Amino acid sequence: MDSDKKTTTASAPAVARDVTVLNRYGIHARPAALLVKAATGFACEILLEKNGVKVNAKSIMGLLTLEGNHGAKLKIHATGPDAAAAVAALADLFERKFFED
Amino acid sequence: MWRIAESPRITVADFFEAGRQALQLDWAANPDAAVGREITEVALNRPGLALAGFMRYFAYRRIQVLGLAEMTYLGSLPAAERIQRLKTLAHVPGIVMSRGRRLPGYFQKVFADLRVPVMRTHLVTGHFMNAGTVLMQNLTSPRIRVPGTMIEIDGVGVLLEGEPGIGKSEIALALIKRGHSLVADDTTVLTRDSTGTIQGSAVPITREHMEIRGLGIIHVPGLFGVASMRDGMRLDLIIRMQKAAVGADDIDRTGLDAQFRDVLGVPVPLIAVPVAAGRDLTNVVEVAALNQRMKQMGRDAARELDEKLKVALARKD
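Chains as they are written, first to last, in the numbering used here: chain A, 1 to 101; chain B, 1 to 317.
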């Protein structure tokens with residue numbers, strides 16, 4: 001969306017993007033599983049942040065502890081060679097409301 | 001690697017909720033005023049001197065506790081005078097009356113205007129001062145949320161960490177089946193309590209659940225009984241699971257070179273365990289916990305053998 005930030009170092013580019021939880025029920029088990037499935041397809045480290053708390057996007061339980069309710073503002077952080085593609089893939093799931101609603 | 005810790009701010013409402021059972025609290029006046037009302041100084045104060053008129057040092061940022069002494073003193077004053085004195089408490093975050101006292105009529109009038117939340121505890125003042133201070137310090141103690149699964153093994157709190165998919169939850173599951181207890185799966189909250197020890201606990205919403213690849217989400221106490229869970233546990237040992245090939249340098253083959261991780265300013269023993277096909281890691285983790293317990297009891301197997309070797313080798317000189 002608006003604040004794509006890129007700080008590229010020689011080895012590991014870092015990408016971050018703000019997203020909003022758009023589906024009505026928020027990040028419950030099914031959306032969490034979709035996010036994990038998408039995230040594990042990338043080699044880079046991916047974190048999801050809410051109110052300063054960061055969790056690993058490759059862990060279902062981690063994502064559930066975020067309690068990402070409808071309307072919550074989150075930030076995706078990715079570090080690694082395929083960081084940009086990973087952020088795009090995860091942000092896409094948020095925008096598609098995890099295929100719900 | 002771990003993000004910066006934070007010390008939560010608490011409001012009078014938070015304090016009340018946490019102490020409702022532990023401190024036997026209920027509301028005497030103005031519960032609405034407690035919401036969003038921050039406690040900026042984490043301690044309790046008995047305002048005897050302030051009530052007697054000495055205002056130069058008055059810890060008004062603290063919760064004020066009115067015990068038998070304060071109430072008897074106020075009661076001894078003429079009506080107009082005690083209302084005046086009570087108004088010195090206008091800017092405190094909140095007030096607690098001990099011994100389950102009912103609010104006197106003049107109190108109600110004063111605090112209806114002042115909108116200061118007033119609680120009542122059924123404990124005696126001394127006990128409330130002790131228990132309340134500990135509770136408040138624990139609520140505001142520095143905390144950090146870390147990736148890792150925590151398990152209690154024969155009284156030893158162990159945090160398993162390692163990349164997602166390396167098998168933390170599977171080992172935890174095997175340990176639960178052997179009679180040990182889960183503290184937190186995947187994400188663990190670590191706090192430094194008022195005595196300076198590190199305590200681990202789960203994020204409340206996912207506390208009783210685990211995710212096992214291939215099975216999905218399971219309910220731990222439902223499958224294994226209430227003994228399979230622990231609400232909180234002291235952190236004694238961190239075990240970092242890592243793929244066998246990576247960073248083989250920091251694998252300690254003797255156990256002589258103890259490593260520590262700084263957790264909220266407290267050094268916690270850390271061992272790195274290589275993960276490779278065919279290794280029974282459940283066993284390794286279980287024995288690591290027992291070994292840690294033996295060290296805490298003052299016996300260090302690696303050091304003992306080393307001393308024995310040195311003595312034997314010296315004889316051969």
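Built from N, CA and C at the ideal position, the CB exists for glycine as well. On a predicted model such as this, the values are computed, not experimentally measured, just so you know.
Item to check | Short Cβ contact (8 Å threshold) for L159(B) with A172(B) | outcome: Between L159(B) and A172(B), the C-beta gap is not smaller than 8 Å, which leaves the two residues out of contact.
Item to check | Buried versus exposed call for E95(A) [16 or more other C-beta atoms within 10 Å across all chains shown] | outcome: Here E95(A) is exposed, its C-beta having fewer than 16 other C-beta atoms within 10 Å.
Checklist entry - Residues of chain A with a CB under 8 Å from the CB of T206(B): which are they? => result The answer, in chain order, is M61, L64, T65.
Next on the checklist: Tell me the rounded alpha-carbon separation between S3(A) and R261(B).
Outcome noted: Confidence at S3(A) is low in this model, with a pLDDT of 44, below 50, so its placement is unreliable and the value that follows should be read with caution. Annotation: S3(A) to R261(B) spans about 35 Å, alpha carbon to alpha carbon.
Checklist entry - R279(B): buried (16+ other C-beta within 10 angstroms of its C-beta) or exposed? => result R279(B) is exposed by the Cβ-count criterion.
Next on the checklist: Give me the subset of the stretch 111-128 of chain B whose CB atoms are less than 7 Å from a CB atom of chain A, sorted by chain position.
Outcome noted: The residues in question: there are none.
Checklist entry - If you pair each beta-carbon of the stretch 6-16 of chain B with each one of the stretch 75-87 of chain A, do three or more pairs fall below 8 Å? => result Touching, no, given that fewer than three Cβ pairs across the two stretches are closer than 8 Å.
Checklist entry - What is the rounded straight-line gap between the Cα of T187(B) and the Cα of P204(B)? => result When only Cα atoms are considered, T187(B) and P204(B) end up about 11 Å apart.
Item to check | Assigned exposure category for Q296(B) - 16 Cβ within 10 Å defines buried | outcome: Classification for Q296(B): exposed.
Checklist entry - Does DSSP classify M297(B) as helix, strand or coil? => result Here DSSP, grouped into helix, strand and coil, assigns M297(B) to coil.
Item to check | Cβ-based burial, H91(B) [other Cβ within 10 Å; buried from 16] | outcome: Per the 10 Å Cβ criterion, exposed.
Checklist entry - Within 10 angstroms of its Cβ, does P164(B) collect 16 or more other Cβ (buried), or is it exposed? => result Under this definition P164(B) is a buried residue.
Next on the checklist: For I63(B), tell me which candidate among M150(B), V124(B), R207(B), G94(B) has the shortest Cα-Cα distance.
Outcome noted: Nearest option by C-alpha distance: G94(B).
Item to check | 8 Å Cβ cutoff met for G41(A) and N69(A) | outcome: It is not a contact, given that the beta carbons lie outside the stated cut-off.
Item to check | Nearest candidate by alpha-carbon position, reference L114(B), set L66(B), P31(B), L190(B), G155(B) | outcome: It is P31(B).
Item to check | Residue range of the unbroken alpha helix (DSSP H) whose run includes H318(B) | outcome: Any question about residue 318(B) goes unanswered here, given that chain B covers just 1 to 317.
Next on the checklist: I need the straight-line Cα distance from R56(B) to L123(B), nearest angstrom please.
Outcome noted: Between R56(B) and L123(B), the C-alpha separation is close to 30 Å.
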